[in-house]
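Position one of the sequence shown corresponds to residue -3 (this note's numbering), numbered consecutively onward.
Don't be surprised by glycine CBs; every beta carbon is placed ideally from N, CA and C.
Structure record follows, encoded as structure tokens.
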Amino acid sequence: MLRRFITIFSLLFGFMVVAPSCKGKAASVPDRKGLFAVITTDKGDLVVELYPEAAPKTVDNFVTLANKGFYNGIIFHRVIPQFMAQTGDPQGNGTGGPGYKFEDEIDATALGLDKIKAGEASYYERQLVQAVIKKLNIQDQATFDRRRAEVEQEIEKMGNQSVKEILELSGYHYQTGLKSVPGKRGALGMANSGPDTNGSQFFINQVDTPHLNGLHTFFGQLEESSYPVLDTIINSGNGQSKIKEIEIVDKRQ
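Quick look at the structure:
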């Protein structure tokens, strides 16, 4: 386990990963109450239910941009088989956005992250190492090598803290009272470059992504009938699919 931590540390210093109602599509949405979006792409329609109770500001931002036509013509610039499809960048390369950023909307307790020990959750090894680096004020690989024994001790110690606590030490801020949902197959999540850096980019999971819980705001769910369209978009490769338009269908009344 420690060897994996050491490898992660080396990678950290090697590089940084910058990773109103409409009637036209009403017939496409499920016959139940809810707030829906029909994402029309050149590969077919992606019908999603939005969750304002899980992420009210995020959903409002998405709806506002969609109604303005912001997403029209934007490509799926990043697709990874057995992971997700990402879009929402007007630049088409992962660097663009709407010209502003807003905070995450995540209730870590609702996701159970306060009950999981960081040292027992392999998904969060990177964040645990980052927390140790920050606490020990280690700035480079040479310092890390010199203080290796101290680092090992601190990893063991901090590994007993909850995932929620470790992520908070890494800069994440959590809210209470939200009905946060986990990153499962078909979930819509906000793409970001770290805590509180949401804009317009979002992704749709092709598989469950428990390693993203607590790190990304999930605000909707793809209808099962749209999974084949998502699979086609992902199988087509980076930049080979685009959004034509997004229509919001409000059936909450």
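Open item on the list: My output table needs one value for GLU219: the three-state DSSP class, helix, strand or coil.
Closed with: coil
- [ ] Would you check if the stretch 162 to 169 and the stretch 126 to 140 touch, i.e. whether three or more CB-CB distances between them fall below 8 Å?
- [x] yes
TODO: Answer yes if the stretch 41 to 49 comes into contact with the stretch 211 to 221, meaning at least three C-beta pairs across the two stretches below 8 Å, and no otherwise.
DONE: yes
Open item on the list: Mapping the DSSP letters down to three states, classify GLY235 as helix, strand or coil.
Closed with: coil
TODO: Take GLN251 as the anchor and find which of ALA117, LEU42 and ASP38 has the nearest alpha-carbon.
DONE: Residue numbering for the chain in the displayed model covers -3 to 249; residue 251 lies beyond these limits and cannot be assessed.
TODO: Work out the CA separation of ALA138 and SER176 for me, nearest whole Å.
DONE: 41 Å
- [ ] Return yes when at least one heavy atom of the ligand NAP lies under 7 Å from the C-beta of GLU150, else no.
- [x] The ligand content of the structure shown is nil, which means the ligand NAP is not present either.
TODO: Determine, using beta carbons only, whether GLY69 and LYS238 come nearer to each other than 8 Å.
DONE: yes
Open item on the list: Is it buried or exposed, GLN249, if we count other Cβ atoms within 10 angstroms and call 16 or more buried?
Closed with: exposed
- [ ] Can you tell me the Cβ-Cβ gap for ASP103 and LEU174, rounded? I've got them flagged as a contact below 8 Å.
- [x] 4 Å
- [ ] Between the Cα of LYS113 and those of GLY155, TYR96 and THR172, spot the shortest distance and give me the residue it belongs to.
- [x] GLY155
Task: Residue from LYS39, LEU107, GLU148 and GLN135 whose Cα sits closest to the Cα of GLY115 - done: GLU148
Open item on the list: Extract the residue ranges of the beta strand (DSSP E) inside the stretch 80 to 150, only unbroken runs of 3 or more that lie entirely within it.
Closed with: 80 to 83
TODO: May I have the straight-line CA-CA distance separating ASP192 from LYS247, to the nearest angstrom?
DONE: 30 Å
Task: Outcome for GLY167 when other beta-carbon atoms lying within 10 angstroms are tallied against a minimum of 16 - done: exposed
Open item on the list: Once DSSP output is grouped into helix, strand and coil, what is the label at HIS207?
Closed with: helix
Task: PHE100 classed as buried or exposed, judged by whether at least 16 other C-beta atoms fall within 10 angstroms - done: Inspection of the sequence shows that residue 100 is occupied by Asp rather than by Phe. Counting Cβ neighbours within 10 Å, ASP100 comes out buried, since at least 16 surround it.
- [ ] Give the DSSP bridge partners of ALA51, in chain order.
- [x] In the DSSP output, where bridge partners are listed per residue, ALA51 has none listed.
- [ ] Decide if ILE76 is buried, meaning its Cβ has at least 16 other Cβ atoms within 10 Å, or exposed.
- [x] exposed
Open item on the list: Considering only their Cβ atoms, is the gap separating ILE229 from PHE72 smaller than 8 Å?
Closed with: yes
- [ ] Identify the continuous alpha helix (DSSP H) that holds VAL159 and give its terminal residues.
- [x] 159 to 165
TODO: Could you have a look at VAL225 and say whether DSSP puts it in helix, strand or coil?
DONE: helix
Task: Cβ pair SER222, LEU61 closer than 8 Å - done: no
TODO: Going by DSSP, name the residue or residues bridged to GLU45.
DONE: PHE32 and GLN217
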